[in-house]
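Asks: Numbering (this note's numbering), first residue to last: 919 to 1116. Let me give you the structure first, and then I'll get to my questions.
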Amino acid sequence: MGIESHVFAWREGNVVEDIATAYYPISIVDQEAILEKCQTLDVDGVITVGSDVAISTVNFVAEHLGLPGNSIECAQVSRDKHLMRERLNEFNLPVPKFHLFEDGDELPFEFPFMVKATDRSGSRGVALVHNSVEFEAALLVTQEVSFNKKVLIEEYFEGRQFSLEFISDHGQHTFVALTEEFFTGPPHFVEMANVMPG
């Protein structure tokens, strides 16, 4: 397609080294190192494929290079479950009851509830807990996998789950699809499939 691809990924487990135009064994969370390398290239765009973890880096690099992308603040809010729920609250959009849990906090609502790492994706650090024993176990796992060690607890709702997909560009929002999402179920709810249209 005439596109040069310069790809950043850990060396261990990468699947791009022999298909990319150029490959750099730099972690996708090392924003400064990636920006420094990109400043030596004639970059037209910055993207991530299938990794929420890279969203902050993509927008950091795009903003510093003057390329299209979301703001650094937008990337931070969209990557942090607690910040996202607070932002939605600011605009009076409905969200489950939630609480950023810290050691020693009283539980603000009854079991069962969800425990989530604020900054992970792919169901890492997610668990449905029914009692204090399950909560303590989930808390240890969630803090372990979280980059920032912050834990969100929130109300649990049963039901079908859907996703609205849009592309937004310069204030114009274009509907792409409604998908229904399917999960393994409790306790970790790992996403298995999407059906489109939902």
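Cβ atoms here follow ideal geometry from the backbone N, Cα and C, with glycine treated the same way.
Can you look up K1068 in the DSSP assignment and give me helix, strand or coil?
Replies: DSSP places K1068 in coil when its eight states are reduced to three.
Asks: Within the same chain, show all residues whose beta-carbon is closer than 6 Å to that of K1068, passing over the 5 residues directly before and after it, in chain order.
Replies: Answer for K1068: T1036, listed in chain order.
Asks: Return the CA-CA distance between V1044 and M1032, expressed in angstroms with no decimal places.
Replies: Approximately 7 Å, taken between the alpha carbons.
Asks: Within its chain, find whatever has a CB closer than 7 Å to the CB of H1106; leave out the 5 residues flanking it on each side and keep chain order.
Replies: Only S1041, V1044, A1045 meet the Cβ criterion.
Asks: Is H1000 buried or exposed, if buried means 16 or more other CB atoms sit within 10 Å of its CB?
Replies: Under this definition H1000 is a buried residue.
Asks: Can you tell me where the beta strand (DSSP E) holding Q1090 begins and where it ends?
Replies: Note, Q1090: beta strand (DSSP E), 1090-1101.
Asks: Less than 8 Å between the beta carbons of L953 and H924, yes or no?
Replies: Cβ distance not < 8 Å, so L953 and H924 don't count as in contact.
Asks: Keeping to the same chain, check which residues put their C-beta closer than 7 Å to that of D970; ignore five residues upstream and five downstream.
Replies: Answer for D970: R997, S1039, listed in chain order.
Asks: From the DSSP output, which residues share a beta bridge with L1082?
Replies: Beta-bridge pairing links L1082 to L1096.
Asks: From the DSSP secondary-structure annotation, give me the bridge partner or partners of Y1074.
Replies: The partner list for Y1074 (beta bridge, DSSP) is empty, contrary to what the question assumes.
Asks: State the Cα-Cα distance for the pair I990 and V947, rounded to the nearest angstrom.
Replies: Going from the Cα of I990 to the Cα of V947 covers about 14 Å.
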